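Residue numbers (my numbering), protein chains in the order written: chain S, 1 to 333; chain L, 1001 to 1333. Idealized CB from N, CA, C, for every residue including glycine. Please read these numbers as outputs of a predicted model, since none were measured by experiment. Right, one structure below, let's go through it.
Protein chains: 2
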Amino acid sequence: MRKYNIAVVGASGMVGNMMRTVLEERKLPIDNIYFMASSRSAGKTITFMGQDYIIEELTENSFDKHIDIALFSAGGETSKIFSPIAAAKGCIVIDNSSAWRMDPEVPLVVPEVNPEDVEWNKGIIANPNCSTIQAVVALKPLYDAYGIKRIIYTTFQAVSGAGMKGYKDLENGIKGIAPEKFPYPIAENVLPHIDVFSEDGYTKEEIKMVNETRKIMHDDNLRITATTVRVPVFNSHSESINVELGKPFEISDVVKILTDAPGIIVEDDVANNIYPMPINASGKDETFVGRIRPDRSVENGLNLWVVADNIRKGAATNAVQIAEVLIARGTIK
Amino acid sequence: MRKYNIAVVGASGMVGNMMRTVLEERKLPIDNIYFMASSRSAGKTITFMGQDYIIEELTENSFDKHIDIALFSAGGETSKIFSPIAAAKGCIVIDNSSAWRMDPEVPLVVPEVNPEDVEWNKGIIANPNCSTIQAVVALKPLYDAYGIKRIIYTTFQAVSGAGMKGYKDLENGIKGIAPEKFPYPIAENVLPHIDVFSEDGYTKEEIKMVNETRKIMHDDNLRITATTVRVPVFNSHSESINVELGKPFEISDVVKILTDAPGIIVEDDVANNIYPMPINASGKDETFVGRIRPDRSVENGLNLWVVADNIRKGAATNAVQIAEVLIARGTIK
């Protein structure tokens, strides 16, 4: 069996660390693996499959050695500089930042939804925003079965989505220490504010959910609105999703379609208090869907509650799954 | 000036205590005041306007003395028994439980929205559910100006809404102690589950928001759906409200209408990170509205973010305001 040379760029961050874990768990056919980061983290030792590795400094020459796939989680600015360099050397970059997501030359991929889009990559594939990934995993099977006319997203997002500094703000906030990452305390509070505000009053996070959902679903006319909110939860995003389907449905059929769909675990037995929650989703790679019920306030309306580990499925796992798709489809030269 | 005899029933609970505070703050024209509770709390001493009072045990004879207004926050079962007894003795009960809210003989009142409904009381006036109160305060001025076709509520509710035991569950949960009130830990988690589930998959809290909004707005055909969620916040509920207005609007007009409306403080300057948050709303009697922005995914769509102190405006303050309306309108015999 062919084995591949893989790099993890941004190896010392929260998502980079999880990429390493997920690569171990999913047993990718790896020949050589390289861990890269900025000069700040370079030189540190990390462990992969029981072996020690030293984090290399990311430079223009980092991709001179043959690398098949580079999983980037190093932020947008670093990705803008180094992803094209890596791609020019024949590497396929799977980038977790928002730098390339809306570039028409770059596929935006969730393996359960649009794996075939990896085929037209030109060296860079974008990993979607965490809150978008779990949403489209839940919505795609319904889109295929019924069509979707309108989506209203309301999110309950964990602090890990803001990286280690966000995580620290909640840890410190519980002890009464002022925040550094967030503009206000997140402990015992909720912030209707994720990423920066744009001029139309929406945050970039909200705009990402709208645009990325359309791109992944290949439907530029999908009507979507979003309100994204930070809650004092360490890990796993929850989302209340209100959908207007394209035609009538039986709720039992919706449950069956979701149960049979890839990457979804339906947790929906409210008589026994079974519904998705962050504390149960954390550490898992699947997207959990529950509270599945018709919304009688509109024709073909449906309410869903969708929870997933934003560091795993929302970032690291999805990126590794894209690598698996590339390998399985023989897309790598 | 005429003064009134007032009773607080359920005086030792979280809302009962706040009723006492709000009665002090708002300086109601009180002649005699009585504090009542179950035998468990009877005999305890509490302070009102610098004077000590002993909590009386609530019995069938408690209303034999002349009481003009009784503020009940003693739970549904107690209210079902004692509200009719009090009303029969000529007292007007303002009840904070859900026992009477949907009774067609009982007005359901938010003073900013439908104060005139106090007039047709037959001895009992219901105080709405906390999550409904702040929503209708924000929506009524828009309903009057534009009409409303559809509402989608998504709530972020504080643990104080579940009383002292809910509060304790979050305090303990932060220390790693298992919950007693909630079915799962609320610390570092969110629960898409408030009140009990009904057969159609909605919780009673969600059904309350639908039915109570319609009753308060006097519009049985208003199309509404709700998802109500408990978050690890001690106090003040937040709500993401998506509305389909009845006709086109300018966002500047919406802001002006809300700014001029009674009981509302608009906090909406996202360029300076100004938006409503639980930590700012707690301890205040107003309803805070922000993130006011058009929703382009539907004709005449609007998104709002609404935060209020659920123990004050969502319970105690609203009840005391109803008493003020009764006094101001001369409704008391």
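- Measure from the C-beta of V1243 (chain L) to each C-beta in chain S and report whether the shortest distance is under 7 Å. no
- Task: Please determine, among L:M1102, L:A1226 and L:F1156, the residue with the shortest C-alpha to C-alpha distance to R291 (chain S).
- Result: L:A1226
- Message: On the criterion of 16 or more Cβ atoms from any shown chain inside 10 Å, does K149 (chain S) qualify as buried, or is it exposed?
- Response: buried
- Query: Relative to chain L, which residues along the stretch 178-197 of chain S have a C-beta separation below 8 Å, given in chain order?
  - Reply: P183, Y184, P185, E188, N189, V190, L191, P192, H193 and F197
- Residue interval of the beta strand (DSSP E) (run including L302 (chain S)): G301 to A308
- Query: Of the residues S:I322, S:L304, S:V270 and S:N221, which one's Cα is nearest the Cα of R1296 (chain L)?
  - Reply: S:N221
- Message: Taking 6 Å as the limit between beta carbons, can you name the residues of its chain near T1154 (chain L), skipping five residues before and five after?
- Response: T1227 and S1240
- Within its chain, find whatever has a CB closer than 7 Å to the CB of M19 (chain S); leave out the 5 residues flanking it on each side and keep chain order. V8, L71, S73, A316, A319 and V320
- Task: Quickly, what does DSSP pair F288 (chain S) with across the bridge? List them, please.
- Result: S:I265 and S:V307
- Item | Supposed close pair L139 (chain S), V254 (chain S) - CB separation, criterion 8 Å | Contact doesn't hold; Cβ gap of about 11 Å is too wide.
- Query: In chain order, which continuous runs of the alpha helix (DSSP H) of length 4 or greater are located wholly inside the stretch 1192-1263 of chain L?
  - Reply: 1204-1217 and 1251-1260
- Y34 (chain S), enclosing beta strand (DSSP E) - first and last residue: I30 to A37
- Is V1190 (chain L) closer than 7 Å to S160 (chain S) when the C-beta atoms are compared? no
- Query: Of all the options S:E188, S:G163 and S:N273, which has the alpha carbon lying nearest to the alpha carbon of G339 (chain S)?
  - Reply: This structure leaves residue 339 (chain S) out entirely; chain S is present only between 1 and 333.
- Which same chain residues, not among the five before or five after P185 (chain S), have their C-beta less than 6 Å away from its C-beta? G173 and P179
- Message: Please report the distance separating the alpha-carbon of I1264 (chain L) from that of P111 (chain S).
- Response: 46 Å
- Item | Secondary structure of Y146 (chain S), DSSP reduced to three states | helix
- At least one CB of chain S closer than 7 Å to the CB of T1059 (chain L): is that the case? no
- Under 7 Å between C-beta atoms of K44 (chain S) and I33 (chain S): no
- Counting contacts by CB-CB distance shorter than 7 Å, is G176 (chain S) in contact with chain L? no
- For D1068 (chain L), the residue or residues it bridges with in DSSP: Per DSSP, none; premise fails for D1068 (chain L).
- Message: Taking only three categories from DSSP, how would you classify V1190 (chain L)?
- Response: coil
- Which residues DSSP lists as bridging E1112 (chain L), in chain order: Answer by DSSP bridge pairing: none, since E1112 (chain L) is not bridged.
- Task: Say whether chain L places a C-beta atom closer than 7 Å to the C-beta of S375 (chain S).
- Result: Not covered by the structure: residue 375 (chain S). The range shown for chain S is 1 to 333.
- Query: List, in order along the chain, the chain S residues whose C-beta lies closer than 8 Å to that of W1100 (chain L)?
  - Reply: Per Cβ cutoff of 8 Å: no residues; W1100 (chain L) is ~25 Å from chain S at best.
- Query: Tell me, which residues are paired with F1048 (chain L) by DSSP?
  - Reply: L:Q1051
- For chain S, find out if any of its Cβ atoms is closer than 7 Å to the Cβ of G1201 (chain L); answer yes or no. yes
- Item | Which residues DSSP lists as bridging D295 (chain S), in chain order | S:G301
- Message: Less than 7 Å between CB atoms is the rule here; does F1063 (chain L) satisfy it with respect to chain S?
- Response: no
- Item | Start-to-end residues for the beta strand (DSSP E) that takes in A7 (chain S) | Y4 to V9
- Spell out whether any CB of chain S is found under 7 Å from the CB atom of F1156 (chain L). yes
- Task: Please name the residue, chosen from S:F82, S:Y53, S:S198 and S:R26, that lies closest to A41 (chain S) on a Cα-to-Cα basis.
- Result: The sequence shown places Ser at residue 41 (chain S), rather than the Ala named in the question. Among S:F82, S:Y53, S:S198 and S:R26, the Cα nearest to that of S41 (chain S) belongs to S:Y53.
- Query: How long is the line joining the alpha carbons of E171 (chain S) and T1331 (chain L), rounded to whole angstroms?
  - Reply: 53 Å
- Return no unless some Cβ of chain S is closer than 7 Å to the Cβ of M1277 (chain L). yes
- Write down the C-beta distance between P1192 (chain L) and V1229 (chain L) rounded to the nearest angstrom, noting that I regard them as a contact closer than 8 Å. 5 Å
- Task: Identify whether E105 (chain S) lies in helix, strand or coil by the three-state DSSP scheme.
- Result: coil
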